[in-house]
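In our numbering, the protein residues as written are 13 to 510. Yeah, the Cβ is synthetic: ideal placement off N, Cα and C, and Gly gets one too. Only a predicted model underlies this, so the values are computations on that prediction, with no experimental measurement involved.
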Amino acid sequence: MHKQHLRRPAVLALATATAAALTGGLLTFATATSATAADSTAVPHADFNGDGIGDVAFSADGAYVSGKKEAGQLVVLYGTATGVSSAKRHTISQNTTGSPGSAEAGDHFGYDTAYADFNGDGYDDIAVGAAGEDVGSDVDGGGLAILWGSASGITGKGVTIADPAPSSHDRWGKNLAAGDFDGDGKADLAVGNSSATIHVFRGGFNSSGTALLGRSTVKPPIQGGSPANGPLNLTAGDVNGDSRTDLVVDGFETETDYGWNRNYYIPGTASGLSTSGAKALKPGVITAIGDINGDGYGDIVSGAQWNATTSDGTSIPDSAKGGKVWVTYGTVDGPGSVTGVTQDTGNVPGASETNDWFGYELDLGDINGDNYLDLAIGVAGENIGSAANTGAVTVLYGSASGLNTASGAQSFAQSTAGVPGNDEDDDMFGIDLKLDDVTGDGRADLVAGSAENAGNGAVTYLPSDGSKITTTGSRSIAPSTSGVSTTGTPYFGANFAD
Ligand SMILES: [Ca+2]
Ligand SMILES: [Ca+2]
Ligand SMILES: [Ca+2]
Ligand SMILES: [Ca+2]
13 MHKQHLRRPA VLALATATAA ALTGGLLTFA TATSATAADS TAVPHADFNG DGIGDVAFSA
73 DGAYVSGKKE AGQLVVLYGT ATGVSSAKRH TISQNTTGSP GSAEAGDHFG YDTAYADFNG
133 DGYDDIAVGA AGEDVGSDVD GGGLAILWGS ASGITGKGVT IADPAPSSHD RWGKNLAAGD
193 FDGDGKADLA VGNSSATIHV FRGGFNSSGT ALLGRSTVKP PIQGGSPANG PLNLTAGDVN
253 GDSRTDLVVD GFETETDYGW NRNYYIPGTA SGLSTSGAKA LKPGVITAIG DINGDGYGDI
313 VSGAQWNATT SDGTSIPDSA KGGKVWVTYG TVDGPGSVTG VTQDTGNVPG ASETNDWFGY
373 ELDLGDINGD NYLDLAIGVA GENIGSAANT GAVTVLYGSA SGLNTASGAQ SFAQSTAGVP
433 GNDEDDDMFG IDLKLDDVTG DGRADLVAGS AENAGNGAVT YLPSDGSKIT TTGSRSIAPS
493 TSGVSTTGTP YFGANFAD
């Protein structure tokens, strides 16, 4: 999933222009076959090369390719017993052999990404949006491709998924979420664009890019204002435990600075996503879904990273100074009880301060193997010492009673002993996060993106030691060692595939 965020303070205008869409949700299809705690252990992760070890894909959608500004690239890091590094990877652009399209300025290939096994061959594939792609005379019409997994991983070979309604919208492919929305065991793909209508391809794709079981649309009740820019983010997960993936749509009612954010839950049904069961949720522009309390129902976590009041003093509902994370626990009927977490809750590290952006990014995974999913929270605007917006990552652990804010929490910054790098202005450490097992030991490891060095970006790997995230074995992965140019602002690691 790709995340788009509220408009940022001027100092981060660059970072926000494109770093936009990061994603949060975990796919839970193929997991919750029944409402038992055991199912929560099977949180899927991407495995593009089918070796049984989780892989991580992310974009550098602002990267120069062959001199073309912001053409964009996709980076795939393959998991090994010692985690991920730039040594075992593919870096793909539209100029890569076999990849549909060609790299052009402003394409933003990798603007959003989502993975699933779309052709059922056992290798995860990845859907890649190029929201700025011009299609004929249609400026920013948007492009979408599926790149196929294989025993060699993601090599670039893929197919275009044509926009079925190019005259109805622009920015085709700007939001992506994969899941099994009708519960037939086959991967479906939800695709956003500049309108409020989401297109859902069913049953995966053939080698010609045709959806095997057709396509339908769903229109959540968002975008009351003007201009409409489509959803902010789409996140897939099974909230009501019926083995059909549900969708959470993060969107704006009005597209203004601090426009009121509205989120909606749209349940999967035997006939796919259905707005007849849609429910409004607490706000947040980044969402992750997974089972925190081990009851078999996916829980919805959304980051409302903005402050409690606007710059002119207007109070923003359901917000807190420095940001707030809303946790909505799943039930058989969908979204249930709700709790809010800030840096002032329990023993959560840090303290709520203006523009901390607590909840800028989120991901769920089982770090300690207790079958309760744990939550990593990006605090991308955290100031540390004299470093403004240098960023930090908070880790909170799941339990039978939900997200535990009283004990066990961890916090990491680049100044934390053992973490590579240093705290610098605007690093925005935690600009995107993944909690996936990339070592094959059954424990989720932390992979954190930053906007390091004025938007070049970097990815920091911090493994699980079996019971917690540790700095032992950590490493930093740079664009310069990963085939990504540091000309301009590539935003390497600002948007992970979910
Ligand atoms: Ca793998
Ligand atoms: Ca496949
Ligand atoms: Ca469901
Ligand atoms: Ca749950």
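Own chain residues within Cβ distance below 8 angstroms of residue i, not counting five before or after
{"i": "serine 114", "result": "Gln106, Asn107"}
{"i": "asparagine 273", "result": "Leu18, Leu244, Asp262, Gly263, Phe264, Glu265, Pro295, Gly296, Val297, Ala316"}
{"i": "glycine 500", "result": "Gly74, Ala75, Tyr76, Lys81, Glu82, Gly467"}
{"i": "asparagine 431", "result": "In the sequence as presented, asparagine is not what sits at residue 431; that position holds valine. Cβ within range, chain order: Phe424, Ala425, Thr472, Leu474, Thr483, Ser486."}
{"i": "lysine 100", "result": "Leu89, Tyr90, Thr92"}
{"i": "arginine 227", "result": "Pro176, His211, Val212, Phe213, Arg214"}
{"i": "alanine 47", "result": "Any reading at alanine 47 must be qualified, since the residue scores a pLDDT of 29, below 50, and its modelled position is unreliable; the value itself is stated next. So the qualifying residues of the chain are Gly253, Asp307, Gly308, Tyr309, Val344."}
{"i": "isoleucine 278", "result": "Val230, Pro232, Asp258, Leu259, Val260, Val261, Leu285, Ser286, Thr287, Gly289, Ala290"}
{"i": "serine 323", "result": "none"}
Residue i versus the options, residue with shortest Cα-Cα distance
{"i": "tyrosine 384", "options": "Ser413, Gly397, Glu373, Lys446", "result": "Ser413"}
{"i": "serine 314", "options": "Asp449, Thr322, Val350, Ala69", "result": "Val350"}
{"i": "alanine 363", "options": "Leu374, Gly461, Lys336, Gly122", "result": "Lys336"}
{"i": "alanine 399", "options": "Ala208, Met440, Thr406", "result": "Met440"}
{"i": "aspartate 437", "options": "Gly393, Leu447, Ala456, Asp448", "result": "Gly393"}
{"i": "serine 179", "options": "Phe193, Asp368, Ser206, Ile173", "result": "Ser206"}
{"i": "aspartate 254", "options": "Tyr276, Lys231, Gly280, Asn275", "result": "Gly280"}
{"i": "isoleucine 379", "options": "Asp356, Ala425, Leu458", "result": "Leu458"}
{"i": "serine 479", "options": "Asp192, Ser497, Arg455", "result": "Arg455"}
{"i": "glycine 118", "options": "Gly79, Ala404, Phe60", "result": "Gly79"}
{"i": "aspartate 368", "options": "Gly381, Thr354, Gly358", "result": "Thr354"}
{"i": "valine 360", "options": "Gly325, Asp382, Ala404, Gly308", "result": "Ala404"}
{"i": "tryptophan 338", "options": "Ser323, Asn275, Gly325, Leu285", "result": "Asn275"}
{"i": "glycine 134", "options": "Gly216, Glu116, His181, Asp150", "result": "Gly216"}
{"i": "aspartate 453", "options": "Gly495, Val496, Gly381", "result": "Gly381"}
{"i": "alanine 223", "options": "Ala157, Asp356, Asp146, His181", "result": "Ala157"}
{"i": "glycine 63", "options": "Val496, Asp477, Asp449", "result": "For the record, residue 63 in the displayed sequence is aspartate; it is not glycine. When only C-alpha atoms are compared, the closest one is Asp449."}
{"i": "isoleucine 481", "options": "Ser220, Leu447, Val151", "result": "Leu447"}
Contact check, residue i vs residue j, beta carbons under 8 angstroms
{"i": "proline 347", "j": "threonine 340", "result": "yes"}
{"i": "aspartate 175", "j": "alanine 58", "result": "no"}
{"i": "threonine 406", "j": "serine 423", "result": "yes"}
{"i": "alanine 316", "j": "lysine 333", "result": "no"}
{"i": "glycine 377", "j": "isoleucine 389", "result": "no"}
{"i": "asparagine 187", "j": "glycine 204", "result": "yes"}
{"i": "isoleucine 104", "j": "leucine 89", "result": "no"}
{"i": "glycine 95", "j": "threonine 428", "result": "no"}
{"i": "glycine 185", "j": "threonine 172", "result": "no"}
{"i": "serine 443", "j": "valine 471", "result": "One point to set straight first is that residue 443 is isoleucine, not serine, in the sequence displayed. No. Outside cutoff."}
{"i": "aspartate 345", "j": "serine 283", "result": "no"}
{"i": "glycine 306", "j": "aspartate 250", "result": "no"}
{"i": "threonine 287", "j": "aspartate 192", "result": "no"}
{"i": "threonine 366", "j": "asparagine 252", "result": "no"}
{"i": "histidine 120", "j": "alanine 93", "result": "no"}
{"i": "leucine 293", "j": "valine 260", "result": "yes"}
{"i": "isoleucine 138", "j": "alanine 509", "result": "yes"}
{"i": "asparagine 241", "j": "glycine 161", "result": "no"}
{"i": "threonine 125", "j": "alanine 163", "result": "no"}
Contact set for residue i: own chain, Cβ-Cβ below 6 angstroms, skip 5 residues either direction
{"i": "threonine 229", "result": "Thr209, His211"}
{"i": "threonine 493", "result": "Ser98"}
{"i": "tyrosine 409", "result": "Asp386, Asn416, Gly420"}
{"i": "glutamine 426", "result": "Gly433, Asn434, Asp435, Phe441"}
{"i": "serine 327", "result": "Thr321"}
{"i": "serine 238", "result": "With a pLDDT of 49 at serine 238, under the threshold of 50, the modelled position of this residue cannot be trusted; read the value that follows with caution. Hits under 6 angstroms: none found."}
{"i": "leucine 445", "result": "Glu373, Asp375, Ala388, Gly390, Ala460"}
{"i": "serine 411", "result": "Tyr384"}
Same chain only: Cβ atoms within 7 angstroms of residue i, ignoring 5 sequence neighbours per side
{"i": "glycine 469", "result": "Ala72, Gly461, Ser462, Ala463, Pro491, Pro502, Tyr503, Phe504, Gly505, Ala506"}
{"i": "threonine 109", "result": "Gly168"}
{"i": "aspartate 397", "result": "The amino acid at residue 397 is misidentified as aspartate; the sequence shows glycine. The answer, listed in chain order, is Asp435."}
{"i": "serine 331", "result": "Ala316, Trp318, Asn319, Ala320"}
{"i": "threonine 498", "result": "Asn468, Pro491, Ser492"}
{"i": "alanine 49", "result": "Residue confidence is low: alanine 49 scores 31 on pLDDT, short of 50, so the model does not pin down where it sits. No coordinate-derived value is stated."}
Rounded Cβ spacing between residue i and residue j (contact assumed at less than 8 angstroms)
{"i": "leucine 159", "j": "glycine 148", "result": "Between glycine 148 and leucine 159 the Cβ distance is about 23 angstroms, and since that is not below 8 angstroms, they are no contact."}
{"i": "glycine 122", "j": "valine 140", "result": "6 angstroms"}
{"i": "alanine 232", "j": "alanine 290", "result": "Looking at the sequence shown, residue 232 is not alanine but proline. About 6 angstroms separates the two Cβ atoms, so the contact holds."}
{"i": "glycine 170", "j": "proline 112", "result": "6 angstroms"}
{"i": "aspartate 67", "j": "glycine 84", "result": "Going by Cβ atoms, the distance from aspartate 67 to glycine 84 rounds to 20 angstroms, so no, they are not a contact pair."}
{"i": "alanine 418", "j": "glycine 358", "result": "4 angstroms"}
Sufficient close CB pairs (3 or more, under 8 angstroms) joining the stretch 186-200 to the stretch 125-142: Result yes; three or more Cβ-Cβ pairs closer than 8 angstroms.
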